[in-house]
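Numbered by our numbering, the letters in the sequence shown go through residues 3 to 340 in order. Note that beta-carbon positions come from the ideal geometry of N, C-alpha and C, so glycine has one too.
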Amino acid sequence: MRQTILYGPRDIRFEERTEPVIVAPTDAIIRLSATCVCGSDLWPYRGLNDVKEPMAMGHEYCGIVEEVGSAVTSVRPGQFVVGSFCLSDNTCPHCKFGFQSSCEKREFMTGAQAPLARVPLADGSLVATAEIPPEDLIPSLLAVSDVFGTGWYAADAARVQPGSTVVVVGDGAVGLMGVLSAKQMGAGRIIAMSRHKTRQDLALEFGATDIVTERGDAGVAQIKQMTGGVGADSVLECVGMKESMFQALDCTRPGGSIGYVGVPHGVEFDGEMLFFAQKNMMGGPAPVRRFLPDLMNLVLQRKINPGKVFDLKLPIADVAEGYRAMDERRAIKALLQP
Ligand SMILES: [Zn+2]
């Protein structure tokens with residue numbers, strides 16, 4: 003089969019590799035129904051993370067189980083499954099506490115931008131549907147695997163409640179999914195910070211009530227002015243840069259909460275500043291497995307449509323164009339069809 007390999011900055015190839023096989027008895031092999039390019043794939047693509055050797059790309063996935071290892075009991079060949087990008091056993095103390103993304107056996111999914119992929123820790127990572135879902139729900143089910151699961155975690159970590167005032171920093175795919183999540187959780191006001199018309203439109207469609215185009219101190223001033231000088235109850239930080247992180251902190255009211263899911267790059271905090279700020283901060287890689295059953299049900303019941311975040315659909319052989327389009331911000335998120 004052919005699969006997606008990153009060789010170095012902006013060097014994505016779709017090339018012949020051997021098909022994955024069961025390595026550990028806890029593995030499953032799945033045939034991908036769809037996969038996609040993640041914003042985090044752009045870090046090594048842009049050369050911001052070192053690529054020491056060719057990397058098999060792709061960690062967002064759903065599809066049909068082809069084969070399972072001898073120890074796998076919860077899924078079987080022929081079932082449609084969605085899995086978390088963080089692989090977990092779902093039985094250790096951290097998993098039981100709802101933090102499967104800190105599982106004692108944690109691994110990160112790779113190699114999913116391909117027709118077939120090996121999923122380690124299949125019992126703990128995969129959730130099967132009762133029936134094969136209709137084709138039109140595949141993009142939304144795929145979104146649960148990471149981008150929507152991560153947006154949901156941002157809202158959960160920011161303690162969004164019915165009636166909350168929420169600010170979403172970042173208008174990438176995760177930020178937009180954060181808007182949808184806050185809406186689903188009953189937020190009263192959702193302010194999306196975005197400068198791009200197509201992303202603003204999608205944010206409004208997903209439930210944003212206001213758009214703020216200013217950034218940095220001007221953006222914070224705007225949020226303060228909109229909230230009577232108070233700040234927001236919950237802020238979702240979905241970028242991971244210094245400016246966005248401080249924008250998120252400064253938009254939050256004392257006692258309020260920040261859910262930060264953008265992987266921080268070059269962000270440092272001063273202890274005394276944090277002490278006097280009095281704000282809750284929770285973030286990290288999303289424990290998608292905690293939310294997977296509920297979010298899959300919301301999709302299967304057609305209550306939400308996170309798959310709308312995919313504004314570019316390509317045959318997987320054109321994966322390099324998917325990376326280019328996202329890198330150049332011509333696309334919010336590229337869906338790849340094997
Ligand atoms: Zn675990």
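*Counting only the same chain and skipping the five closest in sequence on each side, list residues whose C-beta sits under 6 Å from that of Pro56.*
Ile7 and Tyr9
_Count Cβ pairs between the stretch 198–205 and the stretch 126–142 that sit closer than 8 Å; are there 3 or more?_
no
*Sort out for me which residues DSSP pairs Glu330 with in a bridge.*
DSSP, once it has assigned bridges, lists no residue as partnering Glu330.
*Which residues in the same chain have their Cβ closer than 7 Å to the Cβ of Val214, if we skip the five residues on either side of it in sequence?*
Ile193, Met195, Gly221, Gln224 and Ile225
*Is the Cβ-Cβ distance between Glu62 and Thr37 less than 8 Å?*
yes
*What are the residues that DSSP puts in a beta bridge with Leu2?*
The requested residue 2 does not occur in the structure, where the chain is confined to residues 3 to 340.
*Of the listed residues Arg4, Val25, Gly209 and Tyr262, nearest to Ala116 (C-alpha basis)*: Arg4
*Assign Phe150 to one of two classes, buried (16 or more other C-beta atoms within 10 Å of its C-beta) or exposed (fewer than that).*
buried
*Any heavy atom of ligand 1 closer than 7 Å to the CB of Cys97?*
yes
*Could you tell me whether any non-hydrogen atom of ligand 1 is closer than 7 Å to the CB of Thr93?*
yes
*Rounded to whole angstroms, what's the CA-CA distance from Gln303 to Met283? Just pull it up for me.*
32 Å
*DSSP on Pro56, reduced to helix/strand/coil?*
coil
_Opposing strand residues paired with Asn92 [DSSP bridges]_ = Its beta-bridge partners do not exist; DSSP assigns none.
_Straight-line Cα distance separating Asp252 from Glu274_ = 15 Å
*Just the C-alpha distance for Gly242 and Gly126, rounded to the nearest angstrom, thanks.*
28 Å
*Rounded to a whole number of angstroms, what is the C-alpha to C-alpha distance between Val70 and Arg120?*
10 Å
*Compute the beta-carbon to beta-carbon distance between Pro256 and Gln102, rounded to the nearest angstrom, for a pair I have assumed lies under 8 Å.*
With 8 Å as the limit, Pro256 and Gln102 do not qualify as a contact, their Cβ atoms being about 31 Å apart.
*Which residues share a DSSP beta bridge with Glu239?*
Val171 and Tyr262
*Decide yes or no for the touch test of the stretch 150–168 against the stretch 176–190: beta carbon pairs closer than 8 Å, at least 3 of them.*
yes
*Near Ala322, which residues of its chain fall below 6 Å by C-beta distance, leaving aside the five closest residues on each side in sequence?*
Ile14
_Reference Ile260; option with closest CA among Gly41, Lys281 and Val74_ = Lys281
*Along the alpha helix (DSSP H) that carries Asn282, what are the first and last residues, could you check?*
Note, Asn282: premise wrong, no alpha helix (DSSP H); beta strand (DSSP E) at Asn282 to Gly285.
*Leaving out five residues before and five after Val67 in sequence, what residues of the same chain have Cβ atoms less than 7 Å from its Cβ?*
Ala30, Ile32, Val77, Arg78, Pro79, Gly80, Gln81 and Val83
*Nearest-angstrom Cα separation, counted from Ser72 out to Arg332*: 45 Å
_Would Tyr155 and Val39 be called neighbours here (beta carbons separated by less than 8 Å)?_
no
*Since Ala194 sits in a beta bridge, which residues does DSSP pair it with?*
Val170 and Ile213
*Delimiting residues of the beta strand (DSSP E) encompassing Asp13*: Asp13 to Glu18
*With a Cβ-Cβ cutoff of 8 Å, do Cys97 and Ser86 count as a contact?*
no
*Taking all protein chains shown into account, decide if Pro27 is buried (16 or more other Cβ within 10 angstroms of its Cβ) or exposed.*
exposed
*Could you give the distance in angstroms between the alpha-carbon of Glu2 and the alpha-carbon of Thr20?*
Any question about residue 2 goes unanswered here, given that the chain covers just 3 to 340.
*Quick one: Cα of Gly231 to Cα of Leu118, how far?*
52 Å
_Using a 10 Å radius around the Cβ and a threshold of 16 neighbouring Cβ atoms, would you call Phe110 buried or exposed?_
exposed
*Span separating the alpha-carbon of Leu182 from that of Thr211*: 11 Å
*Check whether the Cβ of Gln102 lies closer than 8 Å to any Cβ atom in chain E.*
Judged by its chain identifiers, the structure shown contains no chain E, having just a single protein chain.
*Please find out if some non-hydrogen atom of ligand 1 comes closer than 7 Å to the beta-carbon of Cys105.*
yes
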